[in-house]
Structure formats: structure tokens, C-alpha cells
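Below is one structure, written out as C-alpha cells; comments come after it.
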Amino acid sequence: MLLAGLLGVGAALVPTATAAADPDEPVDYVALGDSYAAGPLIPLQYGSPPGCARSDHNYPALTSRSLVTASFVDVSCSGAKTGDLAAPQETDAGTNPPQLDALDAGTDLVTISIGGNDIGFSEIVETCATRSPTEPDGAACRDFYNSGGSDELVARIDGTAPKVQAALQGILSRSPDADVLLVGYPTIVPDDGPGCFPAVPFSPGDTEYLRGITKQLDDMLAAQAAIAGTEYVDTYTPTIGHDICTPPGTKWVEGLTPTSPAAPMHPNALGMEAMSAAVVAAVG
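For the sequence shown, our numbering assigns the number 880 to the initial residue and increments by one for each residue that follows.
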């Protein structure tokens, strides 16, 4: 969403694998979404266009290997916003077709991660990483986004809600019999405490602020899933204790300077495994 602007930058068909789960019939599975689905820089990167930075170990690919799938198509793309579901998305290396075009009446399972780029994920990270260190005992990032008298990021989340709802309705109109899972965002900054300033350049006050913004974004997604009659997959709760302030091996989301192959402020391979486990559990 720092990698090319924190990846403000596809369709890939992955060979279907047999799996431990045993639904009644193999499913036709389509994965949609942004970089939290695509898995930028996690080996191995594959698929078209290359600018989507899609990994064969992202949570959709891992999920497809844990289910009995008749087919699996991953059209997730780094940098995707809700508008890129119904329209082509230009990346630094190629154009990703409208993601919804991968769906049809025979699709049985759809997962989607979306909304973070609509509220300006990369801009928020860059703004906070620049402003927060100027007031280590304050909350310069929070103050910046509240300088107009109300919280701009909360307003962005509220403004994204109808876009997410429209996206879910677009999925349902194309695949009315599909199980649709809207996958939330994992724990990024610690779920409690002051964070780890200055190793990660968010002051304690801004760590608390960013924690709240992540939770509000996930709450909005859960509410939209409920309105649409689809399912919300909570990946925040199962990733608590594996945030950007934890050591390598425990860390499931990388910080601004990654310690394992992944984009800054994005899930690494361990994080994708945890997200996949949450999705598989939701599928049942």
C-alpha cells in the first residue's frame, strides 16, 4: 500500500491442492482484495500483472490448500480500493482487470479484504511516522487528523462503509449462491500498552490512536458484512500479541523496516498463516 508508497500499487490461477478439510463437494473459490490479501514480497511472488505483488503463500492460497477446491482464482492486488473491484486497476507493472469479473454464478466461495486503501493506509502510515517523533510525549499524528475539530480518519471510515456495502452487493449479484467472507485487518500496533517508540516511530499517544483506528475500521467492516448478510472474519483477535513491536518469529505483521520478507506494515508469511486459519475456521 513505503513500497511504491507502501504499495499503493492480476488474475492468478494457482494449481488446486487436495486438503485436510472435507466439505461435501469441492468448491470454486475466488479471492478478491488488496495487499493484505495479495501478500506483497512474501515468497514466491507470481501471477499477472506483476504490479499486484501477489504471493503463492498469501492467505487465499493457503486457504485453497486447506479446502477441497475444484478451482481457485486469486485476483487480489496490492493498492486495490473498493472502486478497483468493478474497474481496471493500473499498477506500476500492468493492469489488473476488474476483480469482480472473476466471479460467476458457479462461484461457491469468495473472500475479500478491502477498505484500508480507501481510508488512505499508506498516507496514514507515512504521516504518523513523520509527525509522531516530533512529539514523543504527545500524539502529533492524532492531533493532525483532528486539527479540523473532528477526526478525519473516523470520517473516512464512515465514508468507506457504503463503498464496502456496494462491493458486497456486487459480489452477491454475480455469485448469489456463494459463501462470501469479508476478512478484517489483523493487529498492527500492540493491542495494549505504549508501543515500542522509538524503534517504531509512533509515540505512545499515537500508538493508542492508531490502535483505535484499526479497531474502528474492523468494526465498520463487520457491520457492513452483517447488513449484506455475509460473514465477517475477525483476524484482529487471533493476531493479538504478534504485532509490529514483537520480535522476529513472534511478529506476524512487519514494521516500517521488515525483518522477514514482506512489505512494510503488512503481514508476513506467519501472519498469512494466521489469517488463513481464521478463514478456514469460518468456512467450517
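C-beta atoms are modelled at their ideal positions from N, C-alpha and C, and glycine is treated no differently. For clarity, every value in this text was computed on a predicted model and none was experimentally measured.
Check whether the Cβ of residue i sits closer than 7 Å to any heavy atom of the ligand MG, and report yes or no.
i, result
"Arg1021", "Here there are no bound small molecules, and the ligand MG is not part of this structure."
Measuring CB to CB, does residue i end up less than 8 Å from residue j?
i, j, result
"Thr1114", "Pro1080", "no"
"Val1162", "Leu946", "yes"
"Val1112", "Leu1047", "no"
"Pro928", "Ala966", "no"
"Ala1019", "Asp1085", "yes"
"Pro939", "Thr990", "yes"
"Gln1044", "Gln978", "no"
"Leu920", "Glu1152", "no"
"Gly1134", "Pro1143", "yes"
"Val1068", "Asp1022", "no"
"Thr961", "Asp907", "no"
Give me the Cα-Cα distance between residue i and residue j, rounded to the nearest whole angstrom.
i, j, result
"Thr1009", "Asn996", "19 Å"
"Arg944", "Glu1031", "40 Å"
"Pro1083", "Ile1092", "14 Å"
"Leu1096", "Thr1136", "24 Å"
"Gly1027", "Ala959", "28 Å"
"Ala1040", "Lys1130", "30 Å"
"Gly1049", "Ala1107", "11 Å"
"Pro1077", "Leu988", "43 Å"
"Lys1042", "Tyr1024", "22 Å"
"Tyr1088", "Thr1116", "18 Å"
"His936", "Pro922", "7 Å"
"Glu1110", "Glu1005", "32 Å"
"Val1159", "Ala910", "13 Å"
"Thr974", "Met1099", "29 Å"
"Ala916", "Phe1000", "14 Å"
"Gly1072", "Gly1120", "11 Å"
"Asp1058", "Ala984", "12 Å"
"Glu904", "Ala981", "21 Å"
"Ala1148", "Gln968", "25 Å"
"Val1132", "Gly930", "21 Å"
"Ala1141", "Pro976", "24 Å"
"Cys1075", "Cys956", "30 Å"
"Thr970", "Ser950", "26 Å"
"Ser1139", "Gly918", "13 Å"
"Thr1125", "Gly926", "31 Å"
Drop a sphere of 10 angstroms on the beta-carbon of residue i, count the other beta-carbons inside from all chains shown, and report buried for 16 or more, exposed for fewer.
i, result
"Asp1016", "exposed"
"Thr948", "buried"
"Thr1118", "buried"
"Ser914", "buried"
"Asp953", "buried"
"Ala932", "buried"
"Ala1157", "buried"
"Ser1029", "exposed"
"Thr1013", "exposed"
"Ser1052", "exposed"
"Gly1038", "exposed"
Counting along the chain, where does the beta strand (DSSP E) carrying residue i start and finish?
i, result
"Glu969", "968-970"
"Ala910", "906-912"
"Gly973", "973-975"
If you follow the alpha helix (DSSP H) that residue i is part of, which residue opens it and which one closes it?
i, result
"Val829", "Here the chain covers residues 880 to 1163 and nothing more, so residue 829 does not appear."
"Val1162", "1148-1162"
"Leu1135", "Careful: Leu1135 lies outside any alpha helix (DSSP H) and carries neither H nor E."
"Thr852", "Missing from the structure shown is residue 852; the chain here goes from 880 to 1163 and no further."
- Item | Sequence ranges, alpha helix (DSSP H) only - wholly within the segment 1048-1124, length at least 4 | 1083-1107
- Output the residue ranges of the alpha helix (DSSP H) runs that lie fully inside the segment 979-1038 and measure 4 residues or longer, sorted by chain position. 1000-1010, 1019-1024
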